[in-house]
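Student: Dropping the structure in here first, questions after.
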Amino acid sequence: MIDIYKGSFVALITPFLNGEIDEVAFQKFVDWQISQGTNGLVPCGTTGESPTLNHDEHKRLIDLTVEVSNNRVPVMAGTGSNSTEEAINLTKYAKIAGADSALIVMPYYNKPTQQGMYEHFKAINDAVELPLFIYNIPGRSVVDMSIETMVKLSKLSNIIGVKDASNDPVRPTLLRNALDGTNFIQFSGEDPSQLPFMASGGDGIISVTGNVAPNLMAEFHLLWNSEKLVEARSLQEKLMQLHTSLFLETSPGPVKYAA
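Just so we're on the same page, my numbering is the position in the sequence shown counted from 1, plus 334.
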């Protein structure tokens, strides 16, 4: 299980046409991602506009991704919500649809305590038998899960990793030390800091840049995993202007324009 969760996963954009999901364009895009070397697919994340998708659109995007992937690469469906019940229902749907795992965003707007965060994720863990990833993104959810809470959650049966968008390159090391050898997958959620994140013990990236440069993002992780560190650093330096340009305005506006 753990071996499939490394490298460059892409937080997929959602194309629309006349106010509806452009299903043909989306499935072509997903197939192209796989052909370009992307290691995993993440529909219905922040970049896929999950906060403003209705439930039918959300479920349809998961279906479309699973269909095109056809077990070629893992599908990590975004199913989080600030409503615990809604997150449970979407995660149950992802399991039925055939997703390999689910990405659960921190409960935004509610501003839960650390215990509240724990109870939210535990409820989802207990309700659905599916590998789960915590999506820690303080910049959008306002709250930041502590290392202690994450370690506590890692002991639950279905929670196997984190997408960390705190932009703190020290955090992977702190978490690894606190986990004391426990297998727990760490994805970066910040393209510009992926190199120091990997150097601190990360396993991969859930990328925005991968939407428009999937082959280069996949190549970075091939180089890194082959211990070609100078070449990986050189590629990251070349990608940096693109990484930063895709956040010149509120995401996903720039990356959809680029795509």
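Beta carbons: idealized from backbone N, C-alpha and C, even for Gly. Keep in mind it's a predicted model, so treat the numbers as computed, not measured.
Using the Cβ count rule (16 or more neighbours within 10 Å means buried), how would you classify residue 504?
Tutor: Looking at its Cβ environment, which holds fewer than 16 other Cβ atoms inside 10 Å, residue 504 is exposed.
Student: With DSSP as the reference, label residue 490 as helix, strand or coil.
Tutor: The answer is coil: DSSP assigns residue 490 none of H, G, I, E or B.
Student: Less than 9 Å between the beta carbons of residue 441 and residue 480, yes or no?
Tutor: Going by C-beta atoms, residue 441 is not nearer than 9 Å to residue 480.
Student: Do you know offhand how far residue 478's Cα is from residue 511's?
Tutor: Straight-line Cα distance between these residues: approximately 19 Å.
Student: Thinking residue 413 and residue 438 are a contact (beta carbons under 8 Å), I'd like their distance in whole angstroms, please.
Tutor: Confirmed, about 6 Å.
Student: Which stretch, first to last residue, makes up the beta strand (DSSP E) that contains residue 345?
Tutor: Per DSSP, residue 345 belongs to the beta strand (DSSP E) from 341 to 345.
Student: Counting beta carbon pairs with one atom in the region 353 to 365 and one in the region 558 to 573, are three or more of them shorter than 8 Å?
Tutor: Touching, no.
Student: Would the beta-carbon of residue 470 fall within 9 Å of that of residue 536?
Tutor: It is not a contact, given that the beta carbons lie outside the stated cut-off.
Student: Taking its Cβ as the centre, do 16 or more other Cβ atoms sit within 10 Å of residue 385, making it buried, or is it exposed?
Tutor: When all chains shown are included, residue 385 counts as exposed.
Student: Just curious, the beta strand (DSSP E) that residue 467 is in, first and last residue?
Tutor: Element bounds for residue 467: 466 to 470.
Student: Out of 493, 429, 401, 528, point me to the one whose CA is closest to residue 341's CA.
Tutor: Here the closest residue by C-alpha is 528.
Student: Less than 9 Å between the C-beta atoms of residue 458 and residue 408, yes or no?
Tutor: It is not a contact, given that the beta carbons lie outside the stated cut-off.
Student: Determine which residues share a DSSP beta bridge with residue 411 and list them.
Tutor: Its beta-bridge partners are 436.
Student: Please report the distance separating the alpha-carbon of residue 396 from that of residue 431.
Tutor: In a straight line, the C-alpha of residue 396 is about 7 Å away from that of residue 431.
Student: Checking 9 Å against the spacing of the C-beta atoms, do residue 518 and residue 538 come in under that value?
Tutor: No.
Student: If you measure between the beta carbons of residue 582 and residue 546, is that distance less than 9 Å?
Tutor: Result no, Cβ atoms of residue 582 and residue 546 do not sit closer than 9 Å.
Student: Using the rule of at least 16 other Cβ atoms within 10 Å of the residue's Cβ for burial, across every protein chain shown, is residue 593 buried or exposed?
Tutor: With fewer than 16 Cβ atoms within 10 Å of its Cβ, residue 593 is classed as exposed.
Student: May I ask you to report which of helix, strand or coil DSSP gives residue 527?
Tutor: Residue 527 falls in the helix class under three-state DSSP.
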